[in-house]
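S.K.:
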Amino acid sequence: MQPRKDGFLILAFTGAFSSGCTTAAQFFMSQLPTKRAASVAAKDDVNTSIANFYKHTPADEKLPDSILEMTRTRQVINVLEKLDDVPFIYIPMTNVMNGLLLEHCILTNTTADDVPERYRTLATLALSWANEQGLVPEELANIVKALTSRTVRSGVADKVLRYVNEQMASFRKQVHAAYATRPAELFGIMQSIGNNLRKCGHPFHDEDDFVDSQYLAILAERAVSIIKYHREYIKKHGTTDVRTYFVIECLRNPSEVDYLRRRFHECYLFSIYTGEKERHDRAGIKYQLSTDECVEIDKVDQGGDYVKAQYMQNIKRCVQLADIAVTNDLEPHNVYQELLKYYALIQKPGCIKPTRMERNMNLAYSMSLNSTCICRQVGAVIISPLGFIVGAGWNDTGGGRLGCVYRLRRDVKDTRNDDFPISSARDHARLQAIIIAGNPDHSFCYKDEMKILMEGADPAQRGDVDSGSLQHCRALHAEENAILQTATIGGGALQGTKLYTTTFPCELCAKKIMQVGIDEVIYCEPYPKSVSMDVFFKETMKKIDLTPFHGVKSPSFFRLFKPQLDIKDLQKLEGKEPRDVRPVVARRRPKTTPSRQAITKDAKSVE
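For what it's worth, the working numbering labels the leading residue of the sequence shown as 179, then goes sequentially.
1) Using a Cβ-Cβ cutoff of less than 6 Å, which residues in the same chain neighbour His655 once the five nearest sequence positions on both sides are dropped?
2) Check Tyr393 in the structure and name its three-state DSSP category.
3) Give the straight-line distance between the Cα atoms of Ala237 and Arg579, rounded to the nearest whole angstrom.
4) Using the Cβ count rule (16 or more neighbours within 10 Å means buried), how would you classify Thr675?
5) Find the nearest neighbour of Ser621 within the set Val338, His728, Leu586 and Ala398, judged by alpha-carbon distance.
6) Determine the direct distance from the alpha carbon of Thr329 to that of Leu280, and round the result to whole angstroms.
7) Return helix, strand or coil for Phe191, following the three-state DSSP convention.
8) Looking at the unbroken alpha helix (DSSP H) that takes in Phe365, where does it start and where does it end?
9) Run through the DSSP bridge pairs and tell me what Glu427 is partnered with.
10) For the ligand MG, any of its heavy atoms closer than 6 Å to the Cβ of Ala656?
11) Whole-angstrom Cβ separation of Thr192 and Cys428, contact assumed at under 8 Å?
12) Looking at the structure shown, is Val559 part of a helix, part of a strand, or coil, going by DSSP?
13) Give the DSSP-derived three-state secondary structure of Ser468 in the structure shown.
14) Between Lys625, Ala503, Ala660 and Gly198, which has its C-alpha nearest Cys551's C-alpha?
15) Is there a Cβ of chain D sitting closer than 7 Å to that of Thr680, yes or no?
16) Given 8 Å as the limit, is there contact between the segment 207–221 and the segment 512–528, that is, 3 or more CB pairs closer than that?
17) Which stretch, first to last residue, makes up the alpha helix (DSSP H) that contains Leu318?
18) What do you reckon, are the CB atoms on Arg409 and Thr418 nearer than 7 Å?
19) Buried or exposed: where does Phe195 fall if 16 or more other Cβ atoms within 10 Å of its Cβ makes it buried?
20) Using beta-carbon positions only, say whether Asn373 and Tyr451 come within less than 7 Å of one another.
21) Can you tell me whether Ala542 is buried or exposed, with buried defined as 16 or more other CB within 10 angstroms of its CB?
22) Does the Cβ of Asn230 have 16 or more other Cβ atoms within 10 Å, making it buried, or fewer, making it exposed?
23) Excluding the five sequence neighbours on either side, which residues of its own chain have a C-beta within less than 6 Å of the C-beta of Leu325, listed in chain order?
24) What are the boundary residues of the alpha helix (DSSP H) that includes Tyr446?
25) For Thr680 versus Cys702, is the C-beta spacing smaller than 7 Å?
26) Should Ala190 go down as buried or exposed, given a rule of 16 or more other Cβ atoms within 10 Å for buried?
27) Give the straight-line distance between the Cα atoms of Tyr393 and Arg400, rounded to the nearest whole angstrom.
28) Looking at the unbroken alpha helix (DSSP H) that takes in Tyr232, where does it start and where does it end?
29) Per the DSSP calculation, Pro552 is bridged to which residue(s)?
30) Nearest-angstrom Cα distance between Ala356 and Glu685?
31) Mind the definition here: the segment 306–319 touches the segment 273–288 only if three or more C-beta pairs lie below 8 Å; say whether that holds.
32) Where does Val478 sit, in a helix, a strand or coil, going by DSSP?
33) Would you identify the three-state DSSP class for Ser197, choosing helix, strand or coil?
34) Using DSSP with H/G/I as helix, E/B as strand and the rest coil, what is Phe714?
35) Helix, strand or coil for Gly729? Go by DSSP, reduced to three states.
36) Output needed for His728: all residues of its chain with C-beta closer than 8 Å, excluding positions within five of it in sequence on either side, in chain order.
Written out as structure tokens, the structure reads:
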């Protein structure tokens with residue numbers, strides 16, 4: 179097998195509150211070697227099962243899905259069998275936040291009286307903890323200087339790693355102990371600190387305005403600095419094996435995802451999904467949180483208007499950017515098997531082929547790229563019971579109309595309503611003035627402009643029109659277009675079909691989905707809370723299955739499923755390569771140097 183470039187890998191995680199990101203991180207931290215060995219040990223049993231299927235299963239009982247699952251499992255085992263166990267280094271983003279908080283308190287001589295009341299306990303704790311640790315400002319300043327330097331500073335890796343691995347973990351434990359009886363308050367405080375850091379670089383400045391993007395990736399930048407010092411330490415003190423694998427948990431802002439991807443090609447983002455009730459039940463047991471408290475945490479986590487508040491947590495957008503989606507509603511054993519499968523696929527792209535769900539959702543995503551909507555791009559495909567595509571669509575204008583992305587504000591200037599219809603003759607001049615007030619080379623959303631018109635109009639002139647109503651949107655939704663495509667080409671009935679959509683259907687589409695007889699909706703959405711979920715899909719006499727997508731997502735579909743060479747050529751080369759091809763360094767580790775395991779902390783101890 180070809181070695182990973184530079185022996186480097188980052189697995190990052192995102193997901194809704196209490197969905198299982200920590201569980202997944204701990205799997206790679208502490209359970210991967212054991213689970214890999216157990217999977218390899220089952221190879222003979224799998225081969226026996228496959229042989230028995232061919233030899234002893236009657237022809238009329240041979241189901242393709244059953245043999246396919248066994249052969250896919252065998253392909254994964256064949257990859258795992260050739261892998262070495264490389265320890266993963268754990269980087270929890272909560273520790274990164276705590277480090278930035280500590281640095282602010284200690285290096286700026288902050289006292290409890292200098293911060294808003296809600297942060298005073300935390301600020302007091304930071305100062306007392308630093309005093310107990312003997313962490314003086316001069317020493318911390320040198321560590322911060324090393325972490326913020328563009329290049330790795332030689333000779334300080336030991337001190338930096340002790341600070342980020344041991345001292346940050348120690349401080350985190352003290353924080354949790356101090357808020358043991360107030361867990362909801364701690365969650366709210368940490369959410370605010372993360373948002374403040376991304377907004378202005380200051381953990382306690384709630385009132386500061388978001389001016390520019392200077393600090394959006396501040397947490398990701400610090401995580402990358404930590405990665406660089408780990409790599410420097412292993413390069414200096416390691417054996418001939420200098421591979422470095424990292425687990426980052428948990429990313430909560432799209433800018434953090436973007437920063438890591440721009441810096442590192444070998445970075446894969448997992449999104450972990452768990453249904454709301456299950457998540458809240460877990461949080462109630464683990465953190466003693468009420469349902470209402472969990473709901474409030476979710477509201478902050480999922481994010482709002484990204485344009486207006488780019489600095490805020492936005493799990494929704496992070497999940498959309500994920501490379502791989504994992505459902506954590508399954509039994510733990512099955513979840514671990516899924517993670518093991520994707521680990522094998524990352525190590526050897528193309529070792530297995532896409533599942534039906536992965537293939538069809540990728541088609542839906544491909545459809546979404548056709549959308550000319552400037553607000554969001556959604557794609558959908560309808561699959562027959564036999565697995566064929568019977569409908570496909572994306573949110574877009576229909577009926578021979580030009581899509582919104584191609585209509586610029588300058589096009590409306592000096593036109594009559596007959597030339598460029600935008601409203602009734604009575605409102606044309608006012609709406610025209612609203613549209614051309616913006617950048618002339620920008621597209622405009624008709625719904626948004628109508629909302630401005632309606633909100634500025636005299637109440638008597640508004641009538642029954644709702645500001646920003648979907649009735650003003652020029653586009654048909656992706657699900658609508660997929661359904662209408664079938665009717666347009668004279669296709670058959672849609673009873674018993676499945677609909678794959680890149681977002682959860684709205685109320686308008688839910689009614690049409692039920693009407694045409696679609697049996698199942700497969701969607702990508704971490705927070706599928708809407709009227710369609712709570713009411714429309716539940717009130718029908720015919721049950722419609724609502725299934726969250728799991729598998730490889732479109733951002734990495736070709737990267738993970740396309741092998742480096744044709745399979746036949748790879749198999750020819752495999753016998754000619756040494757089994758263990760790894761990056762090496764000339765120097766070997768001195769006997770007195772701390773072992774590599776000393777800097778690879780177990781996730782449980784960090785927690």
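Every residue gets a Cβ at the ideal spot worked out from N, C-alpha and C, and that includes glycine.
M.R.: From the atom records:
1) Reading the sequence shown from its first residue, position 477 is the one you call residue 655. Asn573 and Cys687, listed in sequence order.
2) Here residue 393 refers to the residue found at position 215 when the sequence shown is read from its first residue. Correct three-state label for Tyr393: coil.
3) The residue given as residue 237 occupies position 59 in the sequence shown. The residue given as residue 579 occupies position 401 in the sequence shown. Their Cα atoms are separated by approximately 54 Å.
4) Looking up residue 675 in the sequence shown gives position 497. Buried, since its Cβ has 16 or more Cβ neighbours within 10 Å.
5) Locating residue 621 in the sequence shown gives position 443, where the first residue counts as 1. Minimum Cα distance to Ser621 is reached at Leu586.
6) Mapped onto the sequence shown, residue 280 falls at position 102. Mapped onto the sequence shown, residue 329 falls at position 151. Rounded to whole angstroms, Leu280 to Thr329 spans 23 Å at the Cα level.
7) By 1-based counting over the sequence shown, the position of residue 191 is 13. In the structure shown, Phe191 sits in a strand (DSSP, three-state: E or B).
8) Taking the sequence shown and counting its residues from 1, one reaches residue 365 at position 187. Here the alpha helix (DSSP H) through Phe365 covers Pro361 to Cys378.
9) By 1-based counting over the sequence shown, the position of residue 427 is 249. DSSP lists Phe191 and Pro270 as partners of Glu427.
10) As for the ligand MG, it is missing from this structure, which has no ligand bound.
11) For the purposes of this step, residue 192 is taken as residue 14 along the sequence shown, with counting starting at 1. For the purposes of this step, residue 428 is taken as residue 250 along the sequence shown, with counting starting at 1. Between Cys428 and Thr192 the Cβ distance is about 6 Å, and since that is below 8 Å, they are a contact.
12) Start at 1 with the first residue of the sequence shown, and residue 559 comes out as number 381. Strand at Val559.
13) Residue 468 sits at position 290 when you count from the first residue of the sequence shown. Note: Ser468 maps to coil in three-state DSSP.
14) Position 373 of the sequence shown holds residue 551. Among Lys625, Ala503, Ala660 and Gly198, the Cα nearest to that of Cys551 is on Lys625.
15) The chain labelled as chain D is not found in the depicted structure, where only one protein chain is given.
16) yes
17) By 1-based counting over the sequence shown, the position of residue 318 is 140. From DSSP, the alpha helix (DSSP H) with Leu318 extends over Pro315 to Thr326.
18) Here residue 409 refers to the residue found at position 231 of the sequence shown. Here residue 418 refers to the residue found at position 240 of the sequence shown. 7 Å or more divides the Cβ of Arg409 from the Cβ of Thr418.
19) The residue you call residue 195 lines up with position 17 of the sequence shown. It is buried - the Cβ of Phe195 has at least 16 other Cβ atoms within 10 Å.
20) Here residue 373 refers to the residue found at position 195 when the sequence shown is read from its first residue. Here residue 451 refers to the residue found at position 273 when the sequence shown is read from its first residue. Cβ distance not < 7 Å, so Asn373 and Tyr451 don't count as in contact.
21) Residue numbering aside, residue 542 sits at position 364 when the sequence shown is read from its first letter. It is buried - the Cβ of Ala542 has at least 16 other Cβ atoms within 10 Å.
22) The sequence position of residue 230 within the sequence shown is 52, counting from 1. Exposed.
23) As a first step, residue 325 is located in the sequence shown; it is residue number 147 there, counting from the start. If the five residues before and after Leu325 are omitted, its C-beta is found closer than 6 Å to the C-beta atoms of Ser403, all from its own chain and listed in chain order.
24) For the purposes of this step, residue 446 is taken as the residue at position 268 of the sequence shown. Per DSSP, Tyr446 lies in no alpha helix (DSSP H) segment; the continuous beta strand (DSSP E) that holds it begins and ends at Cys445 to Tyr451.
25) For the purposes of this step, residue 680 is taken as residue 502 along the sequence shown, with counting starting at 1. For the purposes of this step, residue 702 is taken as residue 524 along the sequence shown, with counting starting at 1. Contact flag set, yes.
26) Start at 1 with the first residue of the sequence shown, and residue 190 comes out as number 12. Buried.
27) Residue numbering aside, residue 393 sits at position 215 when the sequence shown is read from its first letter. Residue numbering aside, residue 400 sits at position 222 when the sequence shown is read from its first letter. Their backbone Cα atoms lie some 11 Å apart in a straight line.
28) Position 54 of the sequence shown, counted from the first residue, corresponds to residue 232. Residue range Lys221 to His234 is occupied by the alpha helix (DSSP H) that includes Tyr232.
29) The count along the sequence shown starts at 1 and reaches residue 552 at position 374. The displayed chain sequence assigns Ile, not Pro, to residue 552. In DSSP, Ile552 forms no bridge with anything.
30) Taking the first residue of the sequence shown as 1, we reach residue 356 at position 178. Taking the first residue of the sequence shown as 1, we reach residue 685 at position 507. Straight-line Cα distance between these residues: approximately 45 Å.
31) yes
32) Stepping through the sequence shown from its first residue, residue 478 is reached at position 300. Helix.
33) The count along the sequence shown starts at 1 and reaches residue 197 at position 19. In the three-state DSSP reduction, Ser197 falls in the coil class, being neither helix nor strand.
34) As a working mapping, residue 714 is identified with position 536 in the sequence shown. Phe714: helix per DSSP, three-state reduction.
35) Indexing the sequence shown from 1 puts residue 729 at position 551. Strand, per DSSP.
36) The residue you call residue 728 lines up with position 550 of the sequence shown. Counting only Cβ-Cβ distances below 8 Å, and skipping sequence neighbours, we find Tyr451, Ala503, Val504, Thr505, Glu516 and Met535.
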